[in-house]
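Heads up, the sequence shown stops at 557 in our numbering, and the numbers go up one at a time, no gaps. C-beta atoms are modelled at their ideal positions from N, C-alpha and C, and glycine is treated no differently. What follows is a set of notes on a single structure, which appears directly below.
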Amino acid sequence: MACIRVGVVEVGERGQLAGLLGNPAPHRVFRGFFGRAGGLRPLPGARYAFHSHRGRRGIFLPDKRKAMRLSIILPNLRIGGAEKHFITLAEEFISLGIGVTFAPIRAEGELLRALPRGARVAQLLPEEAATMLRRLETPGMLRRFLRKNVIRFGVDVLFGVPARLRRLVEEEESEVVISSLWEADFIAGLAFRKKRRGEPPRWIVVGETDFEVHVFRKPVRRFAFALLGRGYRYADAFVAPSSRIYHQLRNLARSDEIPVRIIPNAVKVKRICALAEEAIPASHERPLIVAVGRLIPEKGFDLLLKAFVRVIEAFPRAKLVILGDGILRGYLQALTKELGLEGAVSFPGFTLNPYPWMKRADVVVVPSRWETFGNVVVEAMALGVPVIATRSGGPEDVVEDGEDGILIPVNDVEALAQTLISLLADEERRRRISRRAIEKARRFSPEMVAEEYLALFRSIGAHLDVKAWPSPPTLRRRKPSLSSPGRGRRLTPP
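As structure tokens, then:
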């Protein structure tokens, strides 16, 4: 029987080729060839998607090109700067016609409900294993240590997550695979260890992990890196959000042939400004200081509380709001009481929309001990709020000291207190910084950041037909039967 391989065929009554652009999946997907008799013959390799296209009926031959697809590998979708960056970037890619699949090792976290419309989600870890790990979330330092450093990675390997990742990439036909954060990087390294550089899929490592802090200073993770860190040699490119991370990734690449680019995180300025118009649950007197982030040691909120003692002496009516949640919540609340700041400091907890608080602040403070990028810095600048940040890595690439923000030394409580007092006392300086900050924030728009990623994709040989599905050509058609195969009828090709 002579067969004609036609690729993807769309049949339906209304709508557009949404399934090919990452929107709801087609009604049915078949693999096979059409024969002369007009029936489907199963054969691996050709895919038929029965959906709809602009109100037309019939079988349409697609353009020979295919829409580009990429997969994003993350440990989970809990709140964090890296996760927010990829969600923003994915939305921009989808608008360009690129199919995006999120492949978290564990499909859990607050940002699951914030994924852009049209993105696909595929959990790599089997559900029974993910449930077992969730049971280890109970308090306890030893249990938390084992879960984060030993059990979690062991379970990933034991349940075949690298093999599941390979199968997913093959089924999705992903042209590019992006991994970020050290656990996802190691899994991708195991999955692609037999892949030659330059062969599809192109694997890009986005360095949202500060290896000096989160890996090399921790014995168990350092041991794991010694065993599995060689996987980075199979990457086709590295992306660093800041100069601090660039030098670390340059060492990981171990070859001048592997490109390392500095591409900042994307921040959706227009959306942030719109969300900032929402009301906040309580009003505060001036001056108002706001800090946002997970309540963990590296964010340095204990330093901010100690500096705020000095601020209260100069501005008795000042208020401090710390938005976020984490393992140090109890400690920070106890420290607040110990410092006598109960009435001046509040901890509203985690919120998906911190921007109304930030917009109403006189100053936003980022007192981190280290930052790979610092999304909060750009978000505050986009809202026109003066920001004080530490020289902790990422903020140094974003802020021009004294012009569109202020930089201070890390772990310096005295410098933080003095800077806060002087900035709160100088309204004209705050206005000048705000005007310049708004201009700076535009450089981090998703459109500009996505273009830099697309340029990187081209440089490593990735297929880039992002608008690959134009209207189908006018075809000579016979009158078809539109019933789905498998119900006793056949589709008659033109």
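Query raised in the report: Under three-state DSSP, which class holds Asp460?
Result: helix
Query raised in the report: So who's on the other strand from Pro167, going by DSSP bridges?
Result: Leu137
Query raised in the report: Per the contact definition of three or more C-beta pairs closer than 8 Å, is the segment 429-440 in contact with the segment 451-468?
Result: yes
Query raised in the report: Rounded to a whole number of angstroms, what is the C-alpha to C-alpha distance between Lys257 and Leu231?
Result: Cα to Cα, the separation comes out at about 16 Å.
Query raised in the report: Does the segment 131-141 touch the segment 239-246, meaning 3 or more C-beta pairs lie closer than 8 Å?
Result: yes
Query raised in the report: Span of the beta strand (DSSP E) holding Arg265?
Result: Element bounds for Arg265: 265-269.
Query raised in the report: Would you say Gly387 and Leu358 are within 8 Å of each other, going by their C-beta atoms?
Result: Gly387 places its beta carbon less than 8 Å from that of Leu358.
Query raised in the report: Where does Glu434 fall in DSSP's three states?
Result: Note: Glu434 maps to strand in three-state DSSP.
**Report entry** Three or more C-beta pairs below 8 Å linking the segment 327-341 and the segment 149-163
**Finding:** yes
Requested in this report: Indicate whether Val441 and Phe507 have their beta-carbon atoms separated by less than 8 Å.
Outcome: yes
Query - Bounding residues of the beta strand (DSSP E) (the contiguous stretch that carries Ile469) - result: 469-471
Query raised in the report: Mind checking Pro360: buried by the 16 CB within 10 Å criterion, or exposed?
Result: exposed
Report task. Could you spell out where the beta strand (DSSP E) holding Lys382 opens and where it closes? Result -> 382-386
**Report entry** Identified DSSP bridge partners for Arg280
**Finding:** Its beta-bridge partners do not exist; DSSP assigns none.
Query - Nearest-angstrom beta carbon gap, Gly252 and Gly294 [assumed within contact, 8 Å] - result: 2 Å
Query raised in the report: Is it true that the CB of Val353 sits closer than 8 Å to the CB of Glu427?
Result: The residue you asked about is not Glu; residue 427 is Val in the sequence shown. The beta carbons of Val427 and Val353 sit closer together than 8 Å.
**Report entry** Phe371, buried or exposed, once every other Cβ within 10 Å from all chains shown has been counted against 16
**Finding:** buried
Query - Unbroken alpha helix (DSSP H) run spanning Val374, endpoints - result: It spans 364-377 - the alpha helix (DSSP H) in which Val374 sits, taken as one unbroken run.
Query raised in the report: Quick one: what does DSSP say Ile150 is sitting in, helix, strand or coil?
Result: helix
**Report entry** Closest by C-alpha distance to Val462, when choosing among Gly144, Glu502, Val476
**Finding:** Glu502
**Report entry** Burial state of Ala513 (16 or more Cβ within 10 Å)
**Finding:** buried
Requested in this report: Classify Val184 as buried or exposed, calling it buried when 16 or more other Cβ atoms lie within 10 Å of its own Cβ.
Outcome: exposed
Query - Under the three-state DSSP convention, the category Leu187 falls into - result: coil
Requested in this report: Pick helix, strand or coil for Ile451, following the three-state DSSP scheme.
Outcome: strand
Query raised in the report: Going straight from the alpha carbon of Arg498 to that of Val476, what length do you get?
Result: 27 Å
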